[in-house]
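Please read the structure below before turning to the comments.
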Amino acid sequence: MFAVCGIALLCLVSLTHSAPLACNESLQPLDQLDHHQLEGSWVLVAAGLRDAAHLGHFKTRDSAVIKFASAGEASKMSFTRIFGFNDSCHYLHSNISLEGSSFSFEKINITVTFLYTSCPDCVVMRFDNESKEPLRVYLFSKRRDVEQKEMEEFGAQVACLNMLPPERMDPTKELCPENVTRGEEKAEGQKA
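When the letters of the sequence shown are read in order and numbered with mature numbering (1 follows the signal peptide of the UniProt record, and there is no 0), they come out as residues -18 to -1, 1 to 174.
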């Protein structure tokens, strides 16, 4: 009887230690960010959000695309966000500085870290505030949707960050055009 209790206790102890280890692995930042692989457009597939208020705002989006472009220097890039809301498009442009597996905005106190993903044409981006607390995490892909196993992997990352369950974008919604005249584009720090 003692042997059975001892084995059961060992199993429980190993389970309690495996969850944090699995989270540490799934939240691992990329070793090094290759900005050449990052260049181009990425479609938002899903998001993990910290609070219900942000989730409400997120659900008003029909689509979202991000676009990275070289800015001439190895550690600098142009970062454009393109959001579709109720048959209108909003564009927001920022200059960013790359460092390791992260980037920061020039005028906003938020750091974005790229997390590991097994999805070959995806990026997972964790947005942290100035206190390094995760605010949200996004799954972007070159495709409009991802495979179930890729979504499950992202769901595990969201759960490890103690966020609300992932919210998926509707892949049937039309994307906004990427090319826009300068007058339609908002500068960093303006509402979009």
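Think of the CB as a built atom: it goes at the ideal place given N, C-alpha and C, for glycine as much as any other residue.
- Which stretch, first to last residue, makes up the beta strand (DSSP E) that contains methionine 59? 58 to 67
- Message: Spatial neighbours of threonine 42 within its chain, please: C-beta separation below 7 Å, excluding the five flanking residues on both sides.
- Response: Phe67
- Task: Compute the Euclidean distance between the alpha carbons of glutamate 160 and isoleucine 64, then round it to the nearest angstrom.
- Result: 7 Å
- Of the residues Ile92, Leu31 and Ser23, the one placed nearest serine 79, counting alpha carbons only: Ile92
- Task: Below 8 Å on the Cβ atoms is my guess for aspartate 151 versus alanine 28; work out the distance and round it to an integer in Å.
- Result: The sequence shown places methionine at residue 151, rather than the aspartate named in the question. Taking the Cβ atoms as the reference, methionine 151 lies roughly 7 Å from alanine 28, within the contact range of under 8 Å.
- Beta-carbon spacing of leucine 97, glutamine 130 below 8 Å: no
- Query: Apart from the five residues just before and just after lysine 155, which ones in its own chain have a Cβ nearer than 8 Å to its Cβ?
  - Reply: Cβ within range, chain order: Asp44, Ser45 and Gly66.
- Item | Simplified DSSP state of glutamate 81, which is helix, strand or coil | strand
- Around the Cβ of histidine 18, are there at least 16 other Cβ atoms within 10 angstroms (buried) or fewer (exposed)? exposed
- Message: For the alpha helix (DSSP H) containing glycine 38, name the first residue and the last one.
- Response: 34 to 40
- Item | serine 60 to serine 86 span [Cα, whole Å] | 11 Å
- Query: Taking DSSP as the reference, what is the three-state secondary structure of lysine 49?
  - Reply: strand
- Drop a sphere of 10 angstroms on the beta-carbon of proline 148, count the other beta-carbons inside from all chains shown, and report buried for 16 or more, exposed for fewer. buried
- Message: Once the 5 residues before and after glutamate 88 are set aside, which same chain residues still bring their CB inside 6 Å of it?
- Response: Asn77
- Message: Since serine 8 and cysteine 142 should fall inside the 8 Å C-beta cutoff, what is the C-beta to C-beta distance between them, to a whole number of angstroms?
- Response: 6 Å
- Message: Using DSSP's beta-bridge definition, name the partner residues of glycine 22.
- Response: Phe50
- Query: Would DSSP call methionine 133 helix, strand or coil?
  - Reply: Residue state, collapsed to three classes: helix.
- Task: State the beta-bridge partners of aspartate 110 as determined by DSSP.
- Result: Thr93 and Pro116
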